[in-house]
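Report on one structure; see the data block that follows.
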Amino acid sequence: MAKYVYDFTEGNRNLKDLLGGKGANLAEMTNLGLPVPPGFTITTDACRHYLAEGSLPDGLEQEVAGHLAALESTMGRKLGQADDPLLVSVRSGAKFSMPGMMETVLNIGLNDESVHGLAKQAGGNDRFAWDSYRRLIQMFGKTVLGIDGDLFEGALDRLKGRRQDTDLDAGELQQLVEAYKGIVREQTGADFPADPREQMRLAVMAVFDSWNAPRAILYRRQERIPADLGTAVNIMAMVFGNYGDDSGTGVAFTRDPGSGQQGIYGDYLQNAQGEDVVAGIRNTIPLQDLERIDPSSYRELLAIMETLENHYRDLCDIEFTIERGKLWMLQTRVGKRTAAAAFCIATQLVDQGLITMDEAVTRVTGDQLAQLMFPRFDGGAEKKKIAKGMNASPGAAVGKAVFSSERAVELAEQGEDVILVRRETNPDDLAGMIAARGILTSRGGKTSHAAVVARGMGKTCVCGAEELEVLPAERRFIAPGGVEVSEGDVISIDGRTGEVFLGEVPVVPSVVVEYFEGAAEPADDLVKAVDRIMRHADGARRLGVRANADTPDDAARARRFGAQGIGLCRTEHMFLGERRQLVEDLVLATTDEERQAALDALEPLQKSDFIGIFQAMDGVPVTIRLIDPPLHEFLPDLVELSIKAATQEATDKDRRLLSAVKRLHEQNPMLGLRGVRLGLVIPGLFAMQVKAIAQAAAEVPGARPEIMIPLVAAVQELESVREEAVKILAETGVEALIGTMIEVPRAALTAGRIAEAAEFFSFGTNDLTQMAWGFSRDDVESSFFHRYLDLGIFGVSPFESIDREGVGRLIEIAVAEGRAARPDLHLGICGEHGGDPDSVHFCHDAGLDYVSCSPFRIPVARLEAGRAALAENESDTR
């Protein structure tokens, strides 16, 4: 028969799956001999049964009754006993900490009779007894019966006026109890339940129900906590911090969760129960003041804090109560901390001999490192928020709003900080995006053009701020409430939260970025900690880390950030700007001679680009993707060109361009004439690029080019391009690997054949995700992804983290079949997932050789690659 209830003496901290974090840690503290009130835990199995079936599992109530009888025997009193009552608390406790997200009910067991018995226990302290009773009704009414908490707060406020709640005497609190019971009767049509066991049963079910409360669901989604874990319920004998000034409750941390510094950190509140500290109904005092109020309890608490930190080998978060001079431990858990504190604490614990450097690396995350790398707004500064969009690329940016790329470049050259505001960006905006401090769009999602490019450049970006009406022709936008921002007005955008502010908000620079850039020595404690952890992670990792970089500047930055090569150099960005004219000449060519002339003009420009990149990378691999997008993206907009061609000022070239744009126009360009298809249809295009690569490599000593053919779906496509490329390379005497980008599902499913012609695969997971799911990335994120997240269809967007079951399966098939056909096949990933922590772990597990990501994500990928290797080592030793 299933066991659903465990006494605190039966569990330990390794049973978090079954007992939840709170129950497992209460059991652990009990085993350590610390002063924990006796109690028992109802398991997460019981919660999952209740949520699935709508009823408590068979046998649970009998088990609870048995454990309650044992608790009553230990305490020498019975639940609700009129003359000497036992009171209990009922508290939630999931595997992962979800502070404040689920329910707690204190003082269960009180009714109109036992309240007098409680007063007798307290030596005739009627005030304490009635205070505890009113707390039960208030908490039970709100959390179990679903009554609006403001009704209880209103009754309390009317009674106490300007006084504190501690100023109410016993008579007034008794009056408040009657008022509360009236609220319950009025709101539910029934009296407050007087049966203590019924109180406890209903409270247990309320805790189970709170697992699926909206705030709990939202928190789990934010923290990526699985929705099917359920919560345990902890039933514990009550200890009272509201006896009087010799009692109280508090929260303590074994070191500062904000900075990681060792010391005494926490809050204490006299004559209060635990919920008072959380609710903030009265001002707490610093924990240090407890030394003056109750020296004995203070010294005991410090000793327990040291015991717990040494036992858990980590920062501990502790809840405690002092009952008439007696210290009780109500909870401990590994404490939440800021990103800065996480790095500092990890290395401090190494220096204290509590953990190894391997463990220190696993104690921090890439997400935490990313938080440290981007400048942030000063949290204490005044801000006027005018809109909110998607937090597409972290950081804090302040500048004058501009509405065109040209204006952004113009003002930036004059030394002005600007924010480029667009409805959406396109490749033509690249210069403006480079010039701007940040990018703000009213359309698009986290993987739209603006977001992808911004992350690659380390630019702050807020996308999809739909509340904004962007009017580029009028050089202004309108925010909710009629707020208008015209060109030149200063705005601030927060890429971490997606918030948009009017005016300038002060920013705090990141010394961690300065360290990675080589501009700052590891001087302060934080940078020293980051340096130590990064060095160890680099030594542990198996995965290489490359960069997605298209310019010499990006390549140089990537090297400073620790890139071991370029995994994706996009050549299409080299066809923009002044070179657009040459692309137009190529499209308009009607003879072989005209087409070759356009290609000949492009070739030396491409060669120059590649020379700069090879020089910046200084002998490490550079994977260059041949042109991927359809040619129409490099031509004028169809609507704008149609209008222009209809005017008297239109030239013959305008009309010819219009004809070409119409000819090349596609309903779904992503699935049209692009990638390898373009290279096969336009003779000489890929040959020109391969020649430029080969000639550049010949001029740069140590250059290591790798040529990647995009959008291959059939081995025959690759073979056709490869044959021509091999001839060109042979003519120049340059060696280069030739491979392909796996971004079409068919390519993944026929990887064994394709590997016969490819020396490497690079998984383009952006397009692979689009095609596997049938999603248009630029359209779906802002239109219905939020609904999919609400419904639990996604735990996280598949464009943010690799969909292991679908896209991941395609990758695993391609890895297995590709390596079976060519054992020395090199494998990498170059989509946006290359910098996502969870995806890096997947790539390690799948057996890839490297990940490639935007320069500013390289440290994150390095750290996560190290963590993945250490996690595998730990698993192997078990």
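Residue numbers for the sequence shown follow numbering that gives the first Met the number 0, beginning at 0 and rising by one. Using N, Cα and C, we set each Cβ at its ideal position, and we do this for glycine too.
Top-ranked residue by Cα proximity to residue i, from the options
{"i": "residue 165", "options": "110, 224, 244 and 231", "result": "244"}
{"i": "residue 17", "options": "461, 227, 29 and 155", "result": "227"}
{"i": "residue 327", "options": "659, 847, 865 and 35", "result": "35"}
{"i": "residue 398", "options": "458, 79 and 536", "result": "458"}
{"i": "residue 352", "options": "127, 251, 388 and 312", "result": "312"}
{"i": "residue 539", "options": "357, 713, 594 and 193", "result": "357"}
{"i": "residue 846", "options": "852, 256 and 838", "result": "838"}
{"i": "residue 90", "options": "374, 314, 329 and 70", "result": "329"}
{"i": "residue 73", "options": "821, 7 and 808", "result": "7"}
{"i": "residue 345", "options": "256, 124, 788 and 432", "result": "256"}
{"i": "residue 114", "options": "53, 176 and 137", "result": "176"}
Own chain partners of residue i with C-beta closer than 7 Å, once the 5 adjacent residues on each side are dropped
{"i": "residue 76", "result": "83, 84 and 85"}
{"i": "residue 325", "result": "none"}
Straight-line Cα distance separating residue j from residue i
{"i": "residue 278", "j": "residue 152", "result": "Confidence at residue 278 is low in this model, with a pLDDT of 48, below 50, so its placement is unreliable and the value that follows should be read with caution. Going from the Cα of residue 278 to the Cα of residue 152 covers about 12 Å."}
{"i": "residue 570", "j": "residue 771", "result": "25 Å"}
{"i": "residue 548", "j": "residue 592", "result": "33 Å"}
{"i": "residue 764", "j": "residue 301", "result": "51 Å"}
{"i": "residue 133", "j": "residue 340", "result": "40 Å"}
{"i": "residue 748", "j": "residue 62", "result": "54 Å"}
{"i": "residue 332", "j": "residue 33", "result": "14 Å"}
{"i": "residue 81", "j": "residue 121", "result": "14 Å"}
{"i": "residue 725", "j": "residue 796", "result": "40 Å"}
{"i": "residue 446", "j": "residue 343", "result": "Unreliable positioning characterises residue 446 in this predicted model, as indicated by a pLDDT of 47, which lies under 50. The coordinate reading is nonetheless provided below. The alpha-carbon atoms of residue 446 and residue 343 are separated by roughly 32 Å."}
{"i": "residue 708", "j": "residue 589", "result": "26 Å"}
{"i": "residue 504", "j": "residue 401", "result": "18 Å"}
{"i": "residue 111", "j": "residue 506", "result": "57 Å"}
{"i": "residue 142", "j": "residue 776", "result": "41 Å"}
{"i": "residue 599", "j": "residue 688", "result": "10 Å"}
{"i": "residue 673", "j": "residue 627", "result": "6 Å"}
{"i": "residue 546", "j": "residue 516", "result": "15 Å"}
{"i": "residue 656", "j": "residue 650", "result": "10 Å"}
{"i": "residue 46", "j": "residue 67", "result": "19 Å"}
{"i": "residue 12", "j": "residue 24", "result": "5 Å"}
{"i": "residue 703", "j": "residue 734", "result": "8 Å"}
{"i": "residue 155", "j": "residue 183", "result": "14 Å"}
{"i": "residue 784", "j": "residue 807", "result": "20 Å"}
{"i": "residue 636", "j": "residue 697", "result": "38 Å"}
{"i": "residue 494", "j": "residue 144", "result": "41 Å"}
Residue i classed as buried or exposed, judged by whether at least 16 other C-beta atoms fall within 10 angstroms
{"i": "residue 662", "result": "exposed"}
{"i": "residue 149", "result": "exposed"}
{"i": "residue 385", "result": "buried"}
{"i": "residue 701", "result": "exposed"}
{"i": "residue 441", "result": "buried"}
{"i": "residue 246", "result": "buried"}
{"i": "residue 0", "result": "exposed"}
{"i": "residue 179", "result": "buried"}
{"i": "residue 361", "result": "buried"}
{"i": "residue 790", "result": "exposed"}
{"i": "residue 720", "result": "buried"}
{"i": "residue 729", "result": "exposed"}
Neighbourhood of residue i by C-beta distance below 8 Å, restricted to the same chain and skipping five residues each side
{"i": "residue 525", "result": "339, 342, 343, 371, 510 and 511"}
Contacts around residue i, its chain only, beta-carbon distance under 6 Å, and the 5 residues preceding and following it disregarded
{"i": "residue 863", "result": "365, 836 and 839"}
{"i": "residue 830", "result": "763, 764 and 765"}
{"i": "residue 186", "result": "146"}
{"i": "residue 665", "result": "671"}
{"i": "residue 269", "result": "244 and 247"}
Cβ of residue i within 9 Å of any chain D Cβ
{"i": "residue 684", "result": "In the structure shown, chain D cannot be found, because there is only a single protein chain."}
Item to check | Secondary structure, alpha helix (DSSP H): runs of 4+ residues fully inside the segment 6–72 | outcome: 15–30 and 43–52
Item to check | Ordered list of alpha helix (DSSP H) runs contained in the segment 101–180, each at least 4 residues | outcome: 113–120, 125–142 and 148–159
Next on the checklist: If we require 3 or more residues per run, which beta strand (DSSP E) segments fall completely within the segment 661–693?
Outcome noted: none
Item to check | Sequence ranges, alpha helix (DSSP H) only - wholly within the segment 278–310, length at least 4 | outcome: 289–292
Checklist entry - For the segment 362–393, which segments carrying the beta strand (DSSP E) assignment without a break, of at least 3 residues, lie completely within its bounds, in sequence order? => result 384–387 and 389–392
Item to check | Start-end ranges of the alpha helix (DSSP H) lying completely within the segment 524–555, minimum 4 residues | outcome: 524–539
Checklist entry - Unbroken beta strand (DSSP E) runs of length 3 or more, entirely within the segment 760–793: which are they? => result none
Item to check | Every unbroken beta strand (DSSP E) within the segment 593–637, with a cutoff of 3 residues, ordered by chain | outcome: 620–624
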